[in-house]
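> Okay, handing you the structure first.
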Amino acid sequence: MAELPQNVKGMNDILPPEVAKWQFVEEKARQILDAFAYRELRTPILEYTPLFQRTVGETTEVVEKQMYTFPDRDGSSVSMRPEGTASAVRAYIARSQWNREPVTRWYYLGPMFRHERAQRGRLRQFHQIGAEVFGIPGPSVDAEMIAMLVALLLDLGLAAVDLEVAVNSLGDPDERATYREALRAYFSAHADKLDDFSRRRLESNPLRILDSKDPRVQALAASAPILLDTLGERSRQHLAAVRGHLADLGVASQVDPRLVRGLDYYTGTTFEIKAKVGGLGAQNTLAGGGRYDRLVSSLGGPEIPAIGFALGVERVLLAMSQPAESFESGLTLYVAVLGEKARAFALPLAHRLRLGGIRTEIEHREIGLKAQLKRADALRTRLALMIGDNELAAGKFVLRDLVKREQSEVRADEIEPRIRQAMD
RNA sequence: GUGGGCGUAGCUCAAUGGUAGAGCAUCGGACUGUGGCUCCGAGGGCUGGGGGUUCGAAACCCCUCGCCCACCCCA
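Plus 560 on top of the position in the first sequence (first one is 1) and you've got the working numbering.
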């Protein structure tokens, strides 16, 4: 066993029954994103490391300890993308996209990589469906995006009562800086009650102390200064407007003042959608996102506001109660073959049917008819066409409906129309 | 990075120191060319790997590899 090849830890194969469920999710996502006027963007999985350092943030957990970073053959440092927004913004700037259209809506879908300890709902290669909107500053697009996410999750079969929509505002960079100092002052005064983790965060990222699960720190955080209180009128109105629009769209939201996203580029609105269903384990955040109004300019582009989200595909899959098998459809036709002469006749016949779009399996092995029909059952096939010496001699073939348990004899030229008839 | 749990047939799991088993799945037969049910049968295991204790280890001890769960982090 030990010498068998193994897959890299936290990176899994996804096999056929499960893949059908993936395809269902991807298809629904594409449908709804398409309906909301998004277009697909595809970017490389590898980027130069500084891109992530400058966007996600030098001091964030993701960049500090979780990236797959290695030297390229020319010595430059490259990293496997830990998230999708950085690449989208890079592409946006590289193409001067703002000169092509005033508003850009992009979505992407694919694998992301973070070197974390794997657990339920958290893998080292995981998959996100994400979207970005560039060029709209107003709160209505924030609400639109959140409502779209909720619609997608409902479309996938999740129940509204199981979803929690949390929103918050991080304010503009100035407000955030002011708040950061207020927090630092507050927690510094109570430094003796902080755990080691939080104490280190004092300097680098005091906002993250609010997220601590340490009971003493939580108690402390409960009476810490609240970001919303230090926000200016503009930010507060923006958040209120987002919630108002959400209500208009039929989405109930809660303000979570401690919703501090772990990526540095966020400004203003942040949001998170959690699912309260079994099967998810401790990682119950299905999607998260927010505004990053300063990111485009900080990477050398013009001042373009933007907002985005990412949805964790694996987590959505876990939250969906339907088994993977239920997303797989059976075959239409199984061609049972008895003998080499029959096979020589059946092969081109099956070929034609397949090219005509009829999902067909043909038996290539020398096995009995009984075994072939069992195989047809296992493949959840609708019809079986039986071809043996008798049929060849008579020029008539047995077409059996495996669901109705009825069969009839058909001439060669009747086969395809009869199959199409049965498919309706 | 820290802590805990678990590795026995393809899958889910029994066997607590004394001959490695069951269910499901697979294959075959009953039914020599007609499926899902039933009955009968078969194949399949260096019990993750290595070392130790013992007359004897799947079990006890050590090491190692792997998986899982949680902390943390986040999708």
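All C-beta atoms, glycine included, are put in the ideal place defined by N, C-alpha and C. Since the structure is predicted, the reported quantities are computational estimates derived from the model, not experimental observations.
(1) So Tyr667 is in the alpha helix (DSSP H); what residue range does that whole segment cover?
(2) For Met561, I'd like the list of residues in its chain whose CB is within less than 7 Å of its CB, leaving aside the five on either flank, ordered along the chain.
(3) Can you check whether the CB of Ala842 is closer than 8 Å to the CB of Ala870?
(4) Quick one: which unbroken beta strand (DSSP E) runs of 3-plus residues sit fully inside the segment 895-932? Chain order, please.
(5) Whole angstroms is fine: what's the gap from Leu709's alpha carbon to Ala595's?
(6) Are His798 and Gly828 closer than 8 Å when you measure CB to CB?
(7) Are there three or more Cβ pairs, one per stretch, closer than 8 Å when the segment 695-710 is compared with the segment 794-813?
(8) Can you look up Asp985 in the DSSP assignment and give me helix, strand or coil?
(9) So, with DSSP's three-state summary, where would you put Gly804?
(10) Ends of the beta strand (DSSP E) at Thr645?
(11) Which of helix, strand or coil does DSSP assign to Pro785?
(12) Ala691 and Leu754 - do their beta-carbons sit closer together than 8 Å?
(13) Please report the distance separating the alpha-carbon of Glu969 from that of Asp949.
(14) Going by DSSP, what residue range makes up the beta strand (DSSP E) through Lys956?
(15) Helix or strand or just coil, what does DSSP make of Ala703?
(16) The beta strand (DSSP E) with Lys625 in it runs from where to where?
(17) Whole angstroms are fine: how far does the CA of Arg919 sit from the CA of Pro577?
(18) Work out the CA separation of Gln591 and Pro671 for me, nearest whole Å.
(19) Checking the sheet assignment: what are the DSSP bridge partners for Phe869?
(20) Indicate whether the contact test is met: 3 or more Cβ pairs, each with one atom in the segment 784-801 and one in the segment 730-745, closer than 8 Å.
(21) For the alpha helix (DSSP H) that Asn659 lies in, which residues bound it at each end?
(22) Do the segment 856-871 and the segment 891-899 meet, that is, are 3 or more Cβ pairs less than 8 Å apart?
(23) For the candidate residues Leu840, Leu730 and Phe673, whose alpha-carbon lies nearest to that of Val820?
The answer reads as follows:
(1) No alpha helix (DSSP H) holds Tyr667; the beta strand (DSSP E) holding it covers Thr664 to Phe673.
(2) With a pLDDT of 37 at Met561, under the threshold of 50, the predicted position of this residue should be treated as unreliable, and no value is reported.
(3) no
(4) 920-922
(5) 12 Å
(6) yes
(7) yes
(8) Since the displayed the chain opens at 561 and closes at 984, residue 985 lies outside it and no answer follows.
(9) helix
(10) No beta strand (DSSP E) holds Thr645; the alpha helix (DSSP H) holding it covers Thr645 to Ala654.
(11) coil
(12) no
(13) 14 Å
(14) Lys956 to Asp961
(15) helix
(16) It is not in any beta strand (DSSP E) - Lys625 carries neither H nor E in the DSSP assignment.
(17) 17 Å
(18) 20 Å
(19) Ala691 and Gly849
(20) yes
(21) Gln657 to Arg660
(22) no
(23) Leu730
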